[in-house]
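Going by UniProt numbering, the first residue of the sequence shown is number 1, and it counts up by one from there. All C-beta atoms in this analysis are idealised placements derived from N, C-alpha and C, irrespective of residue type, glycine included. First up is the structure itself, then whatever we jot down about it.
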Amino acid sequence: MTVEQEEFAVGAAGNSAAGAVDQVIDAIIGSREGVLEGGHQLTSTGVTWSDPAGVGALREAIATYELGGVMLVAPLLAAAALAQTVGYALGYERLAMLFVEPANATLAVVDVADGSIVDLHRRQTGDGRAGGLAEELATMVSGLDARGSRADGVFLVGCGTDIVALKSTLEAATSLPVTGPEEPDMALARGAALASANAPLFASSTAALAYALDPGTGELSPPAISPTYLDAWGDVDFGTDVRAYSAVPDEDEKPPPPAPWTYGGPPQQRPSSNRVWWIVGTVVVIGMLALAGGIAAFAAHQLSGVKSIIATPPTISKTFSPPSISTNPGPSTSRRRSPAPSTSPAAPPGTELSVAGINENRTIACNDNIVSVSGVSNTVTITGHCTSLSVSGVQNSITVEAVDSIEASGFDNKVIYHSGAPKISNSGGSNVVQQG
């Protein structure tokens, strides 16, 4: 059930990135006040984006205004959260999600029981014509009919792409029912709200698989997704410390890997790490969920909410009527300063140092140490000389004074070193390692 909804454009011509961030912050604060005035209780806020370039500034603004309970959700994970809820409403065990962006497409199979991504394939889409794009996507979904794909249906989600025109071609390419969100432009926003409200219920493999792609083919890289202390999600409680969720099993035994699943189409070439992400609009959602007593009550509420945002397969309904838009009050005047970054004490030479979690802001003094950084959206400054630096997770920003070797994995991480000529290994996606 949608309690309050507002749409506004950001990133338009002539608007600065700072202005767009201010719009988002004002929307979050105003919507919170509107929800409270309406007698509801806000449990979490989910925010997603179409251009990752502005995420750092938004994260800093959220910390500056001390907006607790706000989760930044990557678009792919927002789509996976929505796909899980759609699959639950349709009675599926697994749902294939086709996530289409302007420059690439991702086909993932989502386990409806826990929201984990059990199979994933990503490829660049080089044909800008609508017909050419549809043919490329049809090639991807045609493999779903093969034995072992384990999908009960296909859910089509777009980010800056018109997906309505693609649906008929996909239906012809697979025998599985193809469905999509009733309001495609709001799909990722709703997914971000669901992800923020249900973060602890999502299996850690969702984030791990989403960013453990082989850079040459777009296929899963098994060594890259070995269990670790999870680099995903955010703190959804007001006024509590950030915690990371552990994906490390209690026992040494590891479950067998899923059966191999091959998709149609030739292997793709390595995508450029310098490709440009154009702003096609930022979607922000304020997820308002009233507290419910018991798991059964929550499940019933979730099911009723999904039926109002998806169409009955295989057609996309157009009967949704958005609720009235309320006017958001201006930002609160009692905003406090951002906390200063924490500084770790100097460690003995040669020991291992690590930073994990979400939205951490740390300064580390390195004395020939081995440093590892994981998690999501962490900012780490390292002084002194390090023997090695390994970076994983999503959207971490690391500045190091001097280091002998750098190993970067994960997705959208940025590593800046000031001096020397370190040995560099970059096996992730869209990571940047450079001297500065």
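Min CB distance residue i to chain D below 8 angstroms
{"i": "Ala165", "result": "The chain inventory of the structure shown lacks chain D, comprising one protein chain alone."}
Minimum C-alpha distance to residue i - residue among the options
{"i": "Ser196", "options": "Leu76, Gly69 and Ala108", "result": "Gly69"}
{"i": "Ala408", "options": "Asn431, Thr387 and Ile416", "result": "Asn431"}
{"i": "Gly410", "options": "Thr399, Ile416, Asn426 and Gly420", "result": "Asn426"}
{"i": "Ala346", "options": "Val376, Thr125 and Thr383", "result": "Thr383"}
{"i": "Pro102", "options": "Glu93, Ile163 and Tyr92", "result": "Ile163"}
{"i": "Thr179", "options": "Ala57, Gly436 and Leu90", "result": "Leu90"}
{"i": "Gly153", "options": "Tyr88, Ala63, His385 and Ala18", "result": "Tyr88"}
Contacts around residue i, its chain only, beta-carbon distance under 6 angstroms, and the 5 residues preceding and following it disregarded
{"i": "Ser397", "result": "Thr379 and Lys414"}
{"i": "His418", "result": "Glu401"}
{"i": "Val157", "result": "Ala79, Phe99 and Ala187"}
{"i": "Leu144", "result": "Ala96, Ala151, Thr174 and Leu176"}
{"i": "Gly46", "result": "Met71, Val73, Ala192, Ala193, Ala195, Ser196, Val285 and Gly287"}
{"i": "Ser374", "result": "Asp231, Ala356, Ser392 and Gly393"}
{"i": "Pro75", "result": "Thr48, Cys159 and Leu188"}
{"i": "Ile424", "result": "Ile406 and Val433"}
{"i": "Ser372", "result": "Ser354 and Ser390"}
{"i": "Ala108", "result": "Met97, Ile117 and Leu120"}
{"i": "Arg32", "result": "Leu42"}
{"i": "Gly436", "result": "Ile416"}
Residue i - DSSP class collapsed to helix/strand/coil
{"i": "Ser430", "result": "coil"}
{"i": "Glu6", "result": "coil"}
{"i": "Gln435", "result": "strand"}
{"i": "Glu401", "result": "strand"}
{"i": "Leu67", "result": "coil"}
{"i": "Ser392", "result": "coil"}
{"i": "Pro75", "result": "helix"}
{"i": "Ala187", "result": "helix"}
{"i": "Tyr92", "result": "coil"}
{"i": "Ser50", "result": "coil"}
{"i": "Thr351", "result": "coil"}
{"i": "Val86", "result": "helix"}
{"i": "Ile163", "result": "coil"}
{"i": "residue 459", "result": "No information on residue 459 is available, as it lies outside the stretch 1 to 436 that the chain covers here."}
{"i": "Leu194", "result": "helix"}
{"i": "Glu182", "result": "coil"}
{"i": "Glu407", "result": "strand"}
{"i": "Leu58", "result": "helix"}
Element boundaries [beta strand (DSSP E), containing residue i]
{"i": "Ala108", "result": "Asn104 to Asp111"}
{"i": "Ser419", "result": "Lys414 to Ser419"}
{"i": "Asp119", "result": "Ile117 to Gln124"}
{"i": "Ser372", "result": "Asn361 to Val373"}
{"i": "Ala38", "result": "The sequence as given places Gly at residue 38; Ala does not occur at that position. Here Gly38 belongs to no beta strand (DSSP E), and DSSP marks it neither H nor E."}
{"i": "Phe155", "result": "Val154 to Gly158"}
Unbroken alpha helix (DSSP H) run spanning residue i, endpoints
{"i": "Ala173", "result": "Lys167 to Ala173"}
Contact set for residue i: own chain, Cβ-Cβ below 7 angstroms, skip 5 residues either direction
{"i": "Val55", "result": "Trp49, Leu72 and Gln395"}
{"i": "Pro422", "result": "Val403, Asp404, Ser405 and Ile406"}
{"i": "Gln84", "result": "Val110, Val112 and Gly115"}
Other residues of its chain near residue i: CB distance less than 8 angstroms, five sequence neighbours each side excluded
{"i": "residue 462", "result": "Lying before the first or after the last residue shown, residue 462 is absent from the chain, which here runs from 1 to 436."}
{"i": "Thr387", "result": "Gly350, Asp368, Asn369, Ile370, Val403, Asp404 and Ser405"}
- prompt: Does the region 20 to 34 touch the region 158 to 174, meaning 3 or more C-beta pairs lie closer than 8 angstroms?
  reply: no
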